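Novice:
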Amino acid sequence: MAYKQPISVLVVIHTPDLKILLLERKGYQDGWQSVTGSREGEELLPDTAHREVFEETGLDTNRYELVDWHYNSEYEIYPVWRHRYAPGVTTNTEHVFNLEVPFELDITLAPDEHTRYRWVEWQVAAEMVFSPSNAEAIRTLAQRS
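Note that our numbering has the sequence shown beginning at 365, numbered continuously upward.
1. Can you name the residues that DSSP bridges to residue 510?
2. Give the list of continuous alpha helix (DSSP H) stretches no shorter than 4 residues that lie fully inside the segment 443–502.
3. How far does the alpha helix (DSSP H) with residue 411 in it extend, from its first residue to its last?
4. Below 8 Å on the Cβ atoms is my contact criterion, and I expect residue 444 with residue 401 to pass it. Report the Cβ-Cβ distance as a whole number of Å.
5. Residues in the same chain with beta-carbon distance under 7 Å from residue 498, minus the five sequence neighbours each way, listed in chain order, please.
6. Who are residue 378's beta bridge partners in DSSP?
7. Specify, as a first and last residue, the run of the beta strand (DSSP E) that residue 437 falls within.
8. Rounded to whole angstroms, what's the CA-CA distance from residue 446 to residue 371? Just pull it up for me.
9. Run through DSSP, which three-state label would residue 397 get?
10. Please state whether the Cβ-Cβ distance between residue 363 and residue 449 is less than 8 Å.
11. Can you tell me whether residue 513 is buried or exposed? The criterion is at least 16 other CB atoms within 10 Å of its CB, across all chains shown.
12. Per DSSP, residue 390 forms a beta bridge with which residues?
13. Roughly how many whole angstroms lie between the Cα atoms of residue 380 and residue 463?
14. Can you find the residues in the same chain that come closer than 6 Å, C-beta to C-beta, to residue 471, ignoring five residues on each side of it along the sequence?
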């Protein structure tokens, strides 16, 4: 198995009225999050965002506006997932994007990654997500809108 790169994207998908799409991680009941995923090879970060959104939701980002915030944060990788990274890697750099869709769309989940999805008000979403950086991105999106 190839190790994951400690460089990832976080894509907050939302409607114009700030309903946020949340995905529940497989094997992590109530582990709600936005679309996330690691860069593969030397792909550009917007390409990582496009790929991850499609893999995790079935949505084609080319139909909507994907916005690169040109912002990143570094966080400690949860111990349960460190085995996916090279020995000694304990932090990840996450780059934030948002994707506005016109309304609450039906999603095709990646069954090996997620078990269900929900569209919720941004305030609720910020409280539901388990990742502090995800919560921060949702709150920031509300301030930017």
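Cβ coordinates follow ideal geometry from the N, Cα and C atoms, glycine included. These figures come from a predicted structure and were not determined experimentally.
Specialist: Reading from the atomic positions:
1. Residue 510 lies beyond the stretch modelled for the chain, which goes from 365 to 509, so this question has no answer here.
2. 486–492, all fully within the segment 443–502.
3. It spans 409–421 - the alpha helix (DSSP H) in which residue 411 sits, taken as one unbroken run.
4. For residue 444 against residue 401, the beta-carbon gap comes to about 17 Å, at or over 8 Å, which does not count as contact.
5. Here the set comprises 374, 397 and 398.
6. Residue 378 pairs with 384 and 464.
7. According to the DSSP assignment, residue 437 belongs to the beta strand (DSSP E) that extends over 429–440.
8. Looking at the two C-alpha atoms, the distance is approximately 13 Å.
9. In the structure shown, the three-state DSSP call for residue 397 is strand.
10. With the chain running from 365 to 509 in the structure shown, residue 363 is simply not present.
11. Residue 513 is absent from the model: the chain starts at 365 and stops at 509.
12. Answer is none; residue 390 lacks a bridge partner.
13. About 10 Å.
14. 421 and 481.
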